[in-house]
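Enquirer: One structure follows; several queries about it will come next.
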Amino acid sequence: MLPKDLDFFNCLSSVGGIVGSRGQGNYNAGNTYKDALMHNRRAHGLKDTSINVGVVLGIGITAERGEIPTYLESGAMIGVREKELLATVQAAMADELPVQSVVGLSTGGLPKQNGHDEPYWFEDGRFAHLRIYDTQSFAVVNEYTTAELQAALAAATSLAKPSELVCGALMRKLAKAMLTEIEDLDSSRPVNAYGVDSLVAVEARAWVFKGCQERRQRVRHSEQRARVAVG
87 MLPKDLDFFN
97 CLSSVGGIVG
107 SRGQGNYNAG
117 NTYKDALMHN
127 RRAHGLKDTS
137 INVGVVLGIG
147 ITAERGEIPT
157 YLESGAMIGV
167 REKELLATVQ
177 AAMADELPVQ
187 SVVGLSTGGL
197 PKQNGHDEPY
207 WFEDGRFAHL
217 RIYDTQSFAV
227 VNEYTTAELQ
237 AALAAATSLA
247 KPSELVCGAL
257 MRKLAKAMLT
267 EIEDLDSSRP
277 VNAYGVDSLV
287 AVEARAWVFK
297 GCQERRQRVR
307 HSEQRARVAV
317 G
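Going by our numbering, the first residue of the sequence shown is number 87, and it counts up by one from there.
So this is what it looks like as structure tokens:
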């Protein structure tokens, strides 16, 4: 048991416990447990703080693999610098932070600026303020987004066109996820031929279903109307 007269007791948790991290449910659960522990101890008058940190830039694996920050930006994870993290920890030690602080998540302007689709967690109402904040400050990059795919699918006039649209959009998505040029990919080859890991595959599949959702709904609605007319 820890003594009750500690000057501070801080936990470094993760933003994964806040917005989720696909394929890492056990990791997310561990982080939320640490958050809950700090809340419980603070409720008993103790000086405890949980810091939910995103990726730390410039050190460790992010310094060794330069493609990681670029990949994380596509998920609206801006990360923090080492100096910023240390300043946050010092503030927690001085009891200057609330019981839980989240650092390293993006506002809605960053995906818009970079031409990325909004991350899945923007659909959660709890992050509505982050989703709309500073979106008017950036011009949209000329990038093919989910909304444009949905519009193109809705306007398709042949059965072959949707397949062509989805295939092209998926190739662009994979090229971005793999940090490679789309010209280096061949749509006739299976995805696993490019060494795509399971997390990228899950993300790509979720993106395709999201992009095609409106089209599927329109098709189902049309089929229902046709059945009613025939009946």
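Glycine residues also receive a C-beta, built at the ideal position from the N, C-alpha and C atoms.
Determine the burial state of GLN205: buried for a count of at least 16 other Cβ atoms within 10 Å of its Cβ, exposed for fewer.
Expert: Reading the sequence as shown, one finds Pro at residue 205 and not Gln. PRO205 should be labelled buried.
Enquirer: Secondary structure at ILE145, three-state DSSP: helix, strand or coil?
Expert: coil
Enquirer: Any contact between the region 100 to 108 and the region 143 to 155? By contact I mean 3 or more CB pairs, one from each, below 8 angstroms.
Expert: They do not touch, by the three-pair rule.
Enquirer: Where TYR113 and THR243 are concerned, what is the direct C-alpha to C-alpha distance, given to the nearest angstrom?
Expert: 45 angstroms
Enquirer: So, under 8 angstroms CB-CB, PHE94 and MET179 are touching, yes? Tell me the CB distance rounded to an integer number of Å.
Expert: 5 angstroms
Enquirer: Out of curiosity, what's the CA-to-CA distance linking MET257 and ARG212?
Expert: 32 angstroms
Enquirer: Check ASP134 in the structure and name its three-state DSSP category.
Expert: strand
Enquirer: Answer with buried or exposed for SER273, where buried requires no fewer than 16 other C-beta atoms within 10 angstroms of its C-beta.
Expert: exposed
Enquirer: Leaving out five residues before and five after ALA177 in sequence, what residues of the same chain have Cβ atoms less than 7 angstroms from its Cβ?
Expert: In chain order, LEU183 place their CB closer than 7 angstroms to the CB of ALA177, counting only its own chain and leaving out the 5 sequence neighbours on each side.
Enquirer: DSSP three-state label for ALA127, please.
Expert: Correcting the residue identity first, residue 127 is Arg in this sequence and not Ala. Here ARG127 carries a helix assignment [DSSP, helix/strand/coil].
Enquirer: Which term fits SER345, buried or exposed, when burial requires 16 or more other beta carbons within 10 angstroms of its beta carbon?
Expert: Because the chain is modelled from 87 through 317, residue 345 falls outside the range shown and cannot be assessed.
Enquirer: By how many angstroms is the C-alpha of LEU98 removed from the C-alpha of ARG217?
Expert: 25 angstroms
Enquirer: Counting only the same chain and skipping the five closest in sequence on each side, list residues whose C-beta sits under 7 angstroms from that of ARG128.
Expert: ASP134, VAL185
Enquirer: Note the first and the last residue of the continuous alpha helix (DSSP H) segment covering LEU172.
Expert: Note, LEU172: alpha helix (DSSP H), 168 to 179.
Enquirer: What does the Cβ neighbour count give for ILE145, buried or exposed, with the cut at 16 atoms within 10 Å?
Expert: exposed
Enquirer: Out of LEU271, GLY140, GLY194, THR118, which has the shortest C-alpha to C-alpha gap to GLU369?
Expert: Since the first residue shown for the chain is 87 and the last is 317, residue 369 is missing from the structure and cannot be characterised.
Enquirer: Measuring alpha carbon to alpha carbon, tell me which residue in ARG108, PRO89, LEU132, ILE137 is nearest LYS120.
Expert: In this structure, ILE137 is the residue among ARG108, PRO89, LEU132, ILE137 with its C-alpha nearest to the C-alpha of LYS120.
Enquirer: What did DSSP end up calling GLN110 once you bin it into helix, strand or coil?
Expert: Coil, per DSSP.
Enquirer: Quick test of your reading: SER192 and THR174, contact by CB under 8 angstroms. State the CB separation rounded to the nearest angstrom.
Expert: Rounded, the Cβ-Cβ distance is 17 angstroms, inconsistent with contact.
Enquirer: By DSSP, does LEU245 sit in helix, in strand, or in coil?
Expert: coil
Enquirer: So what's LEU271 in DSSP terms, helix, strand or just coil?
Expert: coil
Enquirer: Looking at the structure shown, is PHE213 part of a helix, part of a strand, or coil, going by DSSP?
Expert: helix
Enquirer: Any beta carbon from chain C within less than 7 angstroms of GLY254's own beta carbon?
Expert: Chain labels in this structure do not include chain C; a single protein chain is all it has.
Enquirer: Assuming LEU251 and VAL277 make a contact with CB atoms under 8 angstroms, what is their CB distance in whole Å?
Expert: Not really, about 18 angstroms apart at Cβ, beyond 8 angstroms.
Enquirer: Please identify the residue among ALA279, ALA255, GLY281 whose C-alpha is closest to the C-alpha of ALA292.
Expert: ALA255
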